[in-house]
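See below for the structure under consideration.
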Amino acid sequence: MAKLLITDDAAFMRMTLKKMVTDAGFEVVGEAANGQEAVDLYAEHRPDLVTMDITMPEMNGIEALEKIKQIDPQAKVVMCSAMGQQNMVVDAIQKGAIDFIVKPFDEARIKESISKALSR
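What follows is the structure in structure tokens.
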């Protein structure tokens with residue numbers, strides 16, 4: 005069973021995403037409310053995949069993505085963004101993100117993205 009780390013500064017978004025991924029058969033090993041927490045939890049748990057919000061306090065998702073890639077160049081990160089953040093999404097992909105999911109979350113799209121990312 006694949007282990008996931010969910011990162012979003014909104015507790016409701018983390019809860020929504022956690023339910024969707026656990027319903028899809030994935031295990032959530034950690035939840036981070038900001039980029040720094042995501043980096044720390046990644047180092048501790050080494051999940052198979054990270055979902056990463058882009059806009060967060062303390063450290064944004066793109067900075068966290070870069071730090072996680074320093075810890076593990078093979079890390080699999082899927083960015084989550086609101087509409088209108090396309091330039092940041094392109095930046096994240098160039099820095100090593102595998103895919104991005106647009107909010108509000110679509111359950112089928114999330115399953116597809118995570119499965120695709122894990123098969124790489």
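Under the numbering used here, think of the first position of the sequence shown as 5, with each following residue one higher.
Beta carbons are placed, not taken as given, at the ideal position from N, Cα and C, and that holds for glycine.
This one's a predicted model, so the numbers in the text were calculated from it and none came from an experiment.
Rounded straight-line distance, which links the Cα of residue j to that of residue i
i: GLN40; j: GLU62; result: 7 Å
i: LYS115; j: MET60; result: 23 Å
i: GLU67; j: LYS120; result: 23 Å
i: ASP57; j: VAL25; result: 15 Å
i: ASP110; j: ILE75; result: 30 Å
i: ALA101; j: GLY65; result: 10 Å
i: ALA6; j: PRO108; result: 23 Å
i: ALA14; j: LEU21; result: 11 Å
i: LEU53; j: ASP95; result: 19 Å
i: GLY34; j: HIS49; result: 8 Å
Below-7 Å beta-carbon distance, residue i vs any chain D residue
i: ILE102; result: Checking the listed chains, one finds no chain D in this structure; it contains a single protein chain.
Residues near residue i by beta carbon distance below 6 Å, same chain, minus five either side
i: ALA36; result: THR11, ALA42, LEU45
i: GLU31; result: MET5, LYS7
Exposure label - residue i; buried when at least 16 CB within 10 Å
i: GLN90; result: exposed
i: GLY29; result: exposed
i: ARG113; result: exposed
i: ASP103; result: buried
i: ALA47; result: exposed
i: SER85; result: buried
7 Å CB neighbourhood of residue i in its chain, flanking five on each side removed
i: GLN98; result: none
i: GLU70; result: LYS99
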